[in-house]
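Position one of the sequence shown corresponds to residue 15 (my numbering), numbered consecutively onward.
Glycine residues also receive a C-beta, built at the ideal position from the N, C-alpha and C atoms.
Computed from a predicted model, the values in this text were never measured in an experiment.
Structure record follows, encoded as structure tokens.
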Amino acid sequence: MTNNACLIYLIRYNESVRLRGDYLLKKERKRIIIEKLKNQTFVTLESLVHELESSESTIRRDLDELEHEGECRRVHGGAERLRPLQAELTNRQKSVKNIQEKRIIAEKAVSLIENGDVIFIDPGTSTQALVELIDNKTITVVTNSIHHAETLLSKGIRTCMIGGFVKQSTDAAIGNTAVEQIKLYNFDKVFMGVNAMTLDYLTTPDIEEAAVKQAIIQHGEKVYILADESKFGWRTFANVSKVEDLTLITTKSVSPFVQSLKERIEVIEV
């Protein structure tokens, strides 16, 4: 074998070893990420970059592949463990997620409220951010959230509380009593949070909560959905409503989901 042939052989051999090493390293990174998601519901991009000593672009690709393989769900800033269709976080758990995005969305929502409005604000941490910003408004607020009602009353806002069985994890009044009460009223504007959203439907893990949300939407003149990017592109157990005739308020995004949604409904990006 000539010197040149030897050199070419060594280069090709070393390249094949390097590629195999990269392949094994990727498998190991993905294995570690999957293990972490078994022990915690959410992993951040920043923590994975640090722990795995890899570039941000490399970890992003790993997470994208894991999502495609059905191992996780990509969200802003990292990835989260896939949840069963009926699984639901408590308000306490939700309150620490995407705080800044919820605040930005709420600031836009409160600007849409006019004196004299009768509005419905349903339970949730996205809508709680809105409730906390409502001041000096001559309005009537109807809600099925104990927490919202308490906050609104402390601000001197005229408040109508819907009754029913109280769901402990969300402090929401649900059940047939709540649905029948809601049917007695009409609302200029509805501000509603959502557990999950596809291009076709809003969904929630709880059947009774879905029925309440359906009644609210049916009696709203204008319905605004307050949702950050973590709610997009997946579904839970019960369909609430088709997305048609709803208006989404969300943060600015270049995600394909939001771009596709703009072709179907009004989307306000802030």
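Could you have a look at residue i and say whether DSSP puts it in helix, strand or coil?
i, result
"LEU262", "strand"
"LEU240", "strand"
"ARG117", "helix"
"PHE201", "strand"
"GLU83", "coil"
"PHE251", "coil"
"THR165", "helix"
"ARG95", "coil"
"LYS245", "helix"
"ILE176", "coil"
"SER159", "strand"
"GLU194", "helix"
"ILE135", "strand"
"THR58", "strand"
"VAL208", "coil"
"LYS181", "strand"
"SER109", "Residue placement at SER109 is poorly supported in this model, since its pLDDT is 47, which falls under 50; the coordinates are not used for a value here."
"THR154", "strand"
"ILE47", "helix"
"LYS256", "strand"
"GLU65", "helix"
"GLU277", "coil"
"GLU235", "strand"
Given a cut-off of 9 Å on the beta-carbon distance, is the pair residue i and residue j in contact?
i, j, result
"LYS227", "LEU216", "yes"
"ILE282", "LEU260", "no"
"THR154", "VAL132", "yes"
"THR157", "PHE134", "yes"
"GLU60", "GLY92", "yes"
"HIS190", "GLY207", "The amino acid occupying residue 190 in the given sequence is Asn; His does not appear at that position. Not closer than 9 Å, so no."
"THR165", "VAL145", "yes"
"THR72", "ARG43", "yes"
"ILE12", "THR265", "Outside the modelled stretch of the chain, which goes from 15 to 284, sits residue 12, for which no answer is possible."
"LYS169", "ASP149", "yes"
"ILE188", "VAL180", "yes"
"LEU262", "GLU280", "yes"
"ALA241", "SER159", "no"
"ILE48", "LEU96", "no"
"ALA186", "MET175", "no"
Between which two residues does the alpha helix (DSSP H) harbouring residue i extend?
i, result
"ALA143", "139-147"
"ILE230", "221-232"
"VAL268", "Careful: VAL268 lies outside any alpha helix (DSSP H) and carries neither H nor E."
Looking at the secondary structure, which residues open and close the beta strand (DSSP E) in which residue i lies?
i, result
"LEU216", "215-218"
"GLU283", "280-283"
"ILE188", "186-188"
Would you decide whether residue i is buried or exposed? Buried here means 16 or more other CB atoms lie within 10 Å of its CB.
i, result
"ASP78", "exposed"
"LEU62", "buried"
"ASP76", "buried"
"ASP220", "buried"
"ASN53", "exposed"
"LYS116", "buried"
"GLN195", "buried"
"GLU223", "buried"
"THR58", "exposed"
"ASP36", "Residue confidence for ASP36 is low, a pLDDT of 47 falling below 50, so the modelled location carries little weight and cannot support an answer."
"ASN129", "exposed"
Go through its chain and collect everything with a Cβ distance to residue i's Cβ below 8 Å, but skip five positions before and after it.
i, result
"VAL89", "PHE56, GLU243, SER244"
"LYS40", "ASP76"
"ARG278", "LEU213, VAL257, GLU258"
For residue i, which residues of its own chain have a beta-carbon under 6 Å away from its beta-carbon, when the five flanking residues on both sides are left out?
i, result
"PHE246", "MET211, PHE271"
"ASN200", "HIS233"
"LEU167", "THR173"
Please work out which residues of its chain come closer than 7 Å, Cβ to Cβ, to residue i, disregarding the five sequence neighbours upstream and downstream, and give them in chain order.
i, result
"GLU94", "THR55, PHE56, CYS86, ARG87"
"ILE230", "PHE134, ASP136, ILE196, VAL204, MET206"
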